[in-house]
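Taking it in order: structure first as structure tokens, then the write-up.
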Amino acid sequence: MASSEVLHPKAVAVITGAASGIGLAAALRYAKEGASIVLVDIDPAALDPAVEKVKNVEGVGTVFGVRVDVGNIKEVASLRDRVLEEFGEVHILMANAGTSTQAPTFSLGTPLEELQSHWNKVLNTNFFGVLNTAQAFAPFMVKQENSSVIVITGSKQGITCPPGNAGYNVSKAAVKVYAEQLSHELRSDPDSRCTAHLFIPGWVFTSLTGANNIGATKPPGAWTPEQTVDYMVDKVFGEGDFYVICPDNETSTSLDKARIQWSMDDVIQNRPALSRWHPSYKARFEDFIQSKQGLAARSRSRGRPAQRDGSQVPSVISIPSETDLLAFRRN
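Just remember that the working numbering sits 756 ahead of the position in the sequence shown, which is counted from 1.
In structure tokens, the structure reads:
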């Protein structure tokens, strides 16, 4: 797909979770192309200044914000009706709203009703928010004459499922499966000019990873939301990729692929669940990663490519410690 087919001055972009972080960065990126932008968020205090920021982009089309709880299907349907009444079509739908609410598998101390409320919150936002958004808009996007895309924000934790926040992992695993099913159905419809894409950020410095903390500065290993969105735009609008798994300054694409392959092999080889974090498999996992990184390093030595900032990719990438492997931001 050529970017000009969807991302152009007459395009209409609807972005949930748009008041900050990746959502706001996407709104600004699309605005620079001259698109009209609908920013959607549950927090009006953050949404209003975000809308003003996007309005200030030179050449941007119509811009407005809508306060919506994406977990509420009636509110999402109302949003859809307003957008279609205003513009008639949607060219970019970005289901990006999310929360990192802690929801363990069970609890010895938390009352059952409270525990269930944590699960309801994370599933309602992360999964049902995506489901509601796509189900509300997709029937109209499929029928429209012009090309369109649905970009769904997932997480590496929905693929490798590191222990520590079961609810978040479950919600993002569900998002991955839904995006795959949606992509297949859209692709199988000969009359559809709408495609779906799974956008999986790496370690990004946003409010979910501490950017709102007083005095917080971006860690060297993290990407900015702008870097992450630029990578996504290249892969979705330029190359038409479904799986857009973003690297960052700490985790390379080859390391991501090796971690994902190990996780998938748990099923094939009948290893213990989440064997990557099983003490008996620690050394084997590290050897596996080293072997994969060694192959990547040898391949690069024949002609090492430049990274996005112009620097050379290192020929050897160190393996993070077990503590690093358990960290939320690196999975």
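Where a beta carbon is used, it is the ideal one built from N, C-alpha and C, also for glycine.
Per DSSP, the continuous beta strand (DSSP E) segment holding Thr-909 begins and ends at 904 to 909. Excluding residues up to 5 positions away in sequence, Gly-790 lie with their Cβ nearer than 7 Å to the Cβ of Gly-815 in the same chain.
With respect to the C-alpha of Pro-918, the residue from Phe-883, Thr-1009, Val-960, Arg-1032 having the closest C-alpha is Arg-1032.
Counting only unbroken stretches of 4 or more residues, the alpha helix (DSSP H) elements lying wholly within the region 804 to 861 are 829 to 843, in sequence order. Taking C-beta atoms as the reference points, Asp-804 and Gly-821 count as a pair closer than 8 Å.
Ala-1039 sits exposed, since fewer than 16 C-beta atoms from the chains shown fall within 10 Å of its C-beta.
In the DSSP assignment, Phe-955 forms a beta bridge with Thr-909, Val-1000.
Gln-1025 sits exposed, since fewer than 16 C-beta atoms from the chains shown fall within 10 Å of its C-beta. Here Asn-852 is near Thr-909, since their CB atoms are less than 8 Å apart. When the five nearest sequence neighbours on each side are left out, no beta carbon in the same chain lies closer than 6 Å to the beta carbon of Leu-1011.
If one requires a minimum length of 4 residues, the alpha helix (DSSP H) runs lying completely within the region 1005 to 1053 are 1009 to 1024, in chain order.
Annotation: the continuous beta strand (DSSP E) that includes Ser-792 extends over 792 to 797. When only Cα atoms are considered, Glu-808 and Thr-818 end up about 12 Å apart. For the pair of segments examined, the region 891 to 901 was found to touch the region 948 to 957: the number of CB pairs separated by less than 8 Å reaches three.
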